[in-house]
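Structure record follows, encoded as structure tokens.
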Amino acid sequence: MGRLDVRVKTEFSAKAYSIGKGEERRKNIIVKELSLSGALVQGLPDAGELFRIKMKLPTGSKVELDAEIVRVENGMTGLRLYYPDSFTMKKLWSSIRDDLSVHGICPYCGSTNSNGAGSCSACGYSLSFEDINYLKNHFKTTFLSRLESRVSKLDAEHLEKIINVIDREVLLSKGKPPEEEFVGTSPAMLEVFTMIRKVAPTDVNVLILGESGTGKELTARAIHERSPRREKPFIAVNSAAIPEGLLESELFGHEKGAFTGAYAARKGKFEQADGGTLFLDEIGDLPQGLQSKLLRFLEDRIVERVGGQGGKKVDVRIVTATNCDLEHMIEEGSFRQDLYFRLDGFTILLPPLRNRGEDNVILARFFLEKISRNENCPSRTFSDETLEVIRKYPWPGNVRELINKVRRGILMAQGSEICSADMGLQDAEIEMEECPMKRQVSKTQKEMIVKTLQDNNYVITRTAKALGISRPSLYSLMKKYSIARGNGKAHKGL
Ligand SMILES: Nc1ncnc2c1ncn2[C@@H]1O[C@H](COP(=O)(O)OP(=O)(O)O)[C@@H](O)[C@H]1O
Ligand SMILES: [Mg+2]
């Protein structure tokens, strides 16, 4: 039988710290081979110990994980790796995948009859390593073999514990829609995930800040899903999307006859969310009168319906979000400071997508796969040029914009590859990397544009025609290279 994990030859240094042995010992090691389940390293001679390994992978990601020595031979030490979370595993997998060269030989069973794509004809394992779901599918395929190799080492007591855990998980997951996946491997997002995990089990009010499309609502849902309130409702209200006149009764409900058209009494969102979480999105748009009413609620937890007498005690956790600068609004007098202090029990700041390193490509692949699957489209890949554009584009509309562009790419692509034009990114303003060749290309391009502008007396239509590009492209190139329109002089005939 072949391996269950692919293994690559590599060579980089890392640090190993012994754990559970009193004084800490550090050793510099060299990683020579790496797979998801283990590593072969040089520089760790003692058998039977546990180590914490810190390594900077060839991809540039840093990971920290525990490792156990399983064998020592010829100066090399074999380690079994233990993952603290799935993100660490994904980072390691990215690095292994980059180093994989299949070259017609299956990295699982070593047979030479495989063609380096699809599945190996001998062992049947998938060789589509670029597929975003590759790892998940591979774990499913090899699950029983992995389980068998581990279970054989356990005693009856352990097995009983495991069966109890499985039964409970099955019970809990019955009838629940699957959680939306929250994707991210950049340090900034790992920090956000840690904050979500820490704050979720408490009842603290959470304020989520971030640009539009960064995942504020997804964060609010993730907090609810990980809280003891998860079996109760999660109710989201967008303060900016509901007309001011209706917002109060929407939030707090109303009694019959409270206003014209109130034919029957109605529960508001606070009451609907009783026992669960109320997510108030765009809290910066909450009108002043309702800011006071919300503050009163936060003080006594009593909801008073419009037109009602007396109130009702309601138990909700409040999570709010905004992309407004609330502190500036407080200075201006448009947002109550006392309300801000109440809402801001714990702040989570979502970084814009442009500050999340490789997450742009990881998210693009994730949505390519997800949308293609949900909408039954043939599976496509991004061309190398598109991946480069995805990396460099600043994504002002963040993840929401990325989803829209990926969807467009899937619809517009002609062949099996999606190019940047299919996604509407061909003229995107992208910062060129400062490598000498690209610098030279930029310099030549700028000189050519300036000269053509001069030759055509700065008339944009003529210049664009002479250069063979569209007017919008010329404008965007002039903006990119800071070329003034005729040294500031106005020109007619544009
Ligand atoms: N890290 C992420 N992983 C997966 N999907 C994401 C991520 N961030 C945002 N999304 C998706 O992007 C869209 C916009 O996110 P949303 O939470 O509505 O943003 P915001 O409330 O900040 O405007 C939603 O469809 C959401 O599920
Ligand atoms: Mg939102």
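In the working numbering, each number is its position in the sequence shown, counted from 1, plus 12.
Positions of the beta carbon are idealized from the N, C-alpha and C atoms, including for glycine.
Could you check the C-alpha separation between residue i and residue j for me, to the nearest Å?
i: S157; j: S485; result: 57 Å
i: R64; j: L104; result: 15 Å
i: S261; j: V326; result: 16 Å
i: A425; j: C431; result: 7 Å
i: G505; j: R483; result: Because the pLDDT at G505 is just 28, under 50, the model does not fix this residue reliably, and the point stays unresolved.
i: V20; j: R92; result: 15 Å
i: E283; j: V328; result: 8 Å
i: T456; j: T473; result: 21 Å
i: M460; j: S454; result: 10 Å
i: I254; j: D297; result: 10 Å
i: I144; j: R419; result: 16 Å
i: P406; j: D286; result: 41 Å
i: E429; j: D396; result: 9 Å
i: I415; j: I374; result: 12 Å
i: I422; j: R412; result: 16 Å
i: G225; j: N367; result: 14 Å
i: V462; j: R451; result: 17 Å
i: I247; j: R37; result: 51 Å
i: G90; j: G409; result: 46 Å
i: R242; j: S47; result: 37 Å
i: V43; j: M88; result: 10 Å
i: D111; j: E343; result: 54 Å
i: V249; j: L230; result: 14 Å
i: V331; j: L310; result: 12 Å
i: H236; j: A212; result: 7 Å
i: N372; j: L16; result: 30 Å
i: E256; j: K324; result: 23 Å
i: S30; j: N386; result: 47 Å
i: V315; j: I178; result: 40 Å
i: E381; j: S391; result: 7 Å
i: K501; j: L465; result: Because the pLDDT at K501 is just 37, under 50, the model does not fix this residue reliably, and the point stays unresolved.
i: K27; j: I41; result: 6 Å
i: S346; j: H340; result: 9 Å
i: N86; j: V163; result: 30 Å
For residue i and chain D, any beta-carbon pair shorter than 8 Å?
i: A168; result: This model lacks chain D altogether; it includes just one protein chain.
Could you tell me how far apart the beta carbons of residue i and residue j are, in whole angstroms, since I believe they sit closer than 8 Å?
i: E142; j: T393; result: 7 Å
i: T197; j: S239; result: T197 to S239, Cβ: 24 Å. No contact.
i: P119; j: V18; result: 4 Å
i: A51; j: I220; result: In fact, because the Cβ distance is near 38 Å, the residues do not count as touching under 8 Å.
i: Q303; j: R348; result: 5 Å
i: L351; j: L306; result: 6 Å
i: V318; j: A276; result: So it is not a contact: roughly 13 Å between Cβ atoms.
i: G55; j: K39; result: 6 Å
i: S123; j: C132; result: 7 Å
i: S138; j: H150; result: 6 Å
i: L362; j: V204; result: 6 Å
i: S107; j: T71; result: 5 Å
i: L509; j: G280; result: Examination of residue 509 is not possible in this model, given that the chain is present from 13 through 506 alone.
i: E267; j: G320; result: 5 Å
Which same chain residues, not among the five before or five after residue i, have their C-beta less than 8 Å away from its C-beta?
i: I481; result: L489
i: N207; result: Just to set this straight, residue 207 is Met in the shown sequence, not Asn. Taken in chain order, the residues that qualify are F358 and I360.
i: Y94; result: L77, D78, A79 and E80
i: E446; result: Model confidence at E446 stands at a pLDDT of 49, short of 50, so the residue's coordinates are unreliable; what they give is reported in the following sentence. No residues qualify anywhere along the chain.
i: F378; result: I144, E193 and V195
i: L202; result: F99 and G196
i: P96; result: E76, L77 and D78
i: E45; result: R19, V20, K21, T22, A51 and L52
Got a sec? Which residues, its chain only, sit under 7 Å from residue i by beta carbon, not counting five neighbours each side?
i: G357; result: V216, N217 and V218
i: E223; result: N335, P364 and N410
i: T475; result: T464, L465, N468 and L486
i: T8; result: The chain is shown from 13 up to 506; residue 8 falls before or after that span and cannot be answered.
i: K417; result: M435, G436 and L437
By Cβ distance, which residues of its chain are closer than 6 Å to residue i, with the 5 residues on each side in sequence left out?
i: D434; result: G421, M424 and A425
i: K74; result: K68
i: D252; result: One detail in the question is off: residue 252 reads as Ala in this sequence, not Asp. So the list reads E294 and D297, once near-sequence residues are dropped.
i: I508; result: The structure shown has nothing for residue 508, since the chain only spans 13 to 506.
i: R515; result: In this structure the chain extends from 13 to 506, so residue 515 is not present and cannot be described.
i: E370; result: none
Could you name each continuous alpha helix (DSSP H) segment of 4 residues or more that falls completely within the stretch 304-391, going from the start of the chain to the end?
Segments of the alpha helix (DSSP H) lying fully in the stretch 304-391: 338-344, 349-355 and 371-386.
Any heavy atom of ligand 2 nearer than 6 Å to the CB - residues listed:
K228, E229 and D293
Any beta strand (DSSP E) of 3 or more consecutive residues that is wholly inside the stretch 51-107
62-68, 74-85 and 88-94
Could you give the uninterrupted runs of the alpha helix (DSSP H) lying entirely in the stretch 196-228, keeping only those of 4 residues or more?
Qualifying alpha helix (DSSP H) stretches, in chain order: 199-211.
Any alpha helix (DSSP H) of 4 or more consecutive residues that is wholly inside the stretch 221-279
228-237 and 256-264
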